[in-house]
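Data first, discussion second: the structure below is written as structure tokens.
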Amino acid sequence: MSPREAAATKTLDILHSEEILNHVKNNADYFYQQMQALNDEFEIVEQVKGCGYMYGVKLVDKHDAANLAPFARKHGLLFRRPAENNVIPVVPPLISTRQDIDDIATRLRTILKEYILPI
24 MSPREAAATK TLDILHSEEI LNHVKNNADY FYQQMQALND EFEIVEQVKG CGYMYGVKLV
84 DKHDAANLAP FARKHGLLFR RPAENNVIPV VPPLISTRQD IDDIATRLRT ILKEYILPI
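So in the working numbering, spot 25 of the sequence shown is number 48, and the numbers just go up one at a time.
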């Protein structure tokens, strides 16, 4: 077995033995509710798309998600480069708890508020 195959096999073993996927499944609806609340709260948010622990917060077209990066860093969040310019990717670790999800949602609210204030 190659090192890559061994690493992949070990990763799958850990995902299964520690029931990480069940953990995600049990928290997925809660995460969706927290992300959807951003859509309800901010006019700048056009739509929230995704499932499980992978979401995109789509901003209205005139806003570029990259412009939020400095605000995100200030509050301890890092955004990976989005596939679409106006989408904030929200992809927490699979071991994230509901408390972690609350923290992410709170930080995103703060970031969005700080971003839209100057407009």
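All C-beta atoms, glycine included, are put in the ideal place defined by N, C-alpha and C.
Span separating the alpha-carbon of residue i from that of residue j
i           : j          : result
residue 49  : residue 58 : 16 Å
residue 78  : residue 37 : 24 Å
residue 128 : residue 52 : 14 Å
residue 24  : residue 34 : 15 Å
Closest Cα partner of residue i within the set the options
i           : options            : result
residue 73  : 137, 136, 135, 111 : 111
residue 123 : 45, 35, 88, 100    : 100
residue 140 : 67, 126, 104       : 67
residue 55  : 137, 138, 135, 114 : 114
residue 119 : 42, 94, 103        : 42
residue 137 : 107, 90, 71        : 90
Whole-angstrom C-beta distance between residue j and residue i, which should lie under 8 Å
i           : j           : result
residue 131 : residue 76  : Not really, about 15 Å apart at Cβ, beyond 8 Å.
residue 88  : residue 109 : 6 Å
C-beta atoms of residue i and residue j nearer than 7 Å
i          : j           : result
residue 86 : residue 133 : no
residue 61 : residue 47  : no
residue 69 : residue 83  : yes
Where the beta strand (DSSP E) through residue i begins and ends
i          : result
residue 78 : 77–82
residue 69 : 68–74
Range of the contiguous alpha helix (DSSP H) that encloses residue i
i           : result
residue 43  : 43–64
residue 111 : Careful: residue 111 lies outside any alpha helix (DSSP H), inside the beta strand (DSSP E) at 110–113.
residue 102 : Premise fails: residue 102 is in no alpha helix (DSSP H) and is neither H nor E.
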